[in-house]
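What follows is a short report on a single structure.
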Amino acid sequence: MNPKRCMKCHLHGSNVNMHSSQECPRNECTCRKCLLIDDRRDIANKIIKLSRKQKMEQEGNDTDYRYMCSRCRNHGIRAYKRHHIPCPFGLCKCDECNLISERQRIEREIKAACMGNYPNLHSPSTSDTDSDSEYVELSPEAKVILDLINALTCDSFDPEKFDYNALSDLFSKPYIRIPDEWIPMMGDITDLLLISLRRFPRFDGIDFTQGLSM
């Protein structure tokens with residue numbers, strides 16, 4: 001491996017930090033900063049392996065692939081990163097999306113350490129749940145859509161605990177307000193909604209395709 005800046009040494013304030021990770025004198029260090037770097041490497045390797053598998057399964061060239069949203073890609077949808085905030089899967093808790101959330105949390109902690117804000121770092125047991133979708137004001141209908149899509153990732157999903165009043169409001173409106181960024185993806189989103197609604201026994205035999213007007 002070619003020598004490069006070692007993040008462990010850099011976070012420890014060392015001026016001599018141009019070496020490979022295998023040669024780092026802090027390889028056995030168990031401080032919070034070094035553990036963050038180890039965790040980032042582990043997660044990066046998992047995401048790389050997952051991305052390679054997805055690239056083989058999904059069509060598209062390498063150039064396009066780099067600019068696709070990772071969360072949507074986890075669910076078989078191709079969407080460019082900059083054109084669909086908030087992501088419909090921003091709150092998804094499946095194993096693949098959890099990897100992305102954990103990577104983002106670790107990156108924030110490392111950035112804080114680089115800026116000298118180490119006392120404000122999270123403890124190892126905490127985990128941020130913030131995502132792009134939480135920073136955008138969503139309409140009540142859009143929130144229900146997110147909940148329905150996220151329900152697809154829950155193996156223990158209980159339809160009787162879902163807010164049926166919110167569902168009723170969703171389908172009683174003549175027009176559903178959604179973020180403009182979702183519009184190019186509405187074909188895929190609608191398909192996911194219809195799949196999710198099949199998990200509700202009380203909706204057996206009901207055709208929802210006529211009630212989705214966005």
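In terms of full-length UniProt numbering, the sequence shown has 116 at position 116, counting the first letter as 1, and numbering is strictly consecutive.
Here a beta-carbon is modelled for each residue, glycine too, at the ideal position from N, C-alpha and C.
What are the boundary residues of the alpha helix (DSSP H) that includes S14? Careful: S14 lies outside any alpha helix (DSSP H) and carries neither H nor E.
With 16 other CB atoms within 10 Å as the buried threshold, where does E109 fall? buried
Is there contact between the region 22–30 and the region 46–56, where contact requires at least three CB pairs shorter than 8 Å? no
Just curious, the alpha helix (DSSP H) that Q104 is in, first and last residue? 95–114
Let's see if you can read the secondary structure: which residues bound the alpha helix (DSSP H) around P140? 140–151
P159 to I145 span [Cα, whole Å]: 15 Å
6 Å CB neighbourhood of F203 in its chain, flanking five on each side removed: L197
Can you give the beta carbon distance from I176 to L170, rounded, assuming they're within the 8 Å contact cut? 7 Å
With a 10 Å radius around its C-beta and 16 neighbouring C-beta atoms as the bar for buried, classify S101 as buried or exposed. buried
How far does the alpha helix (DSSP H) with A166 in it extend, from its first residue to its last? 164–172
Check this for me: beta carbons of A79 and M185, under 7 Å apart or not? yes
Can A113 and L35 be called in contact, C-beta distance under 7 Å? no
Buried or exposed for A44, going by 16 or more other Cβ atoms inside 10 Å? exposed
Would you say D95 faces chain B, with C-beta separation under 7 Å as the test? Here chain B cannot be found, since the structure has a single protein chain.
DSSP three-state assignment for R5, whether helix, strand or coil: strand
Give the DSSP bridge partners of Y80, in chain order. M68
According to DSSP, is L193 helix, strand or coil? helix
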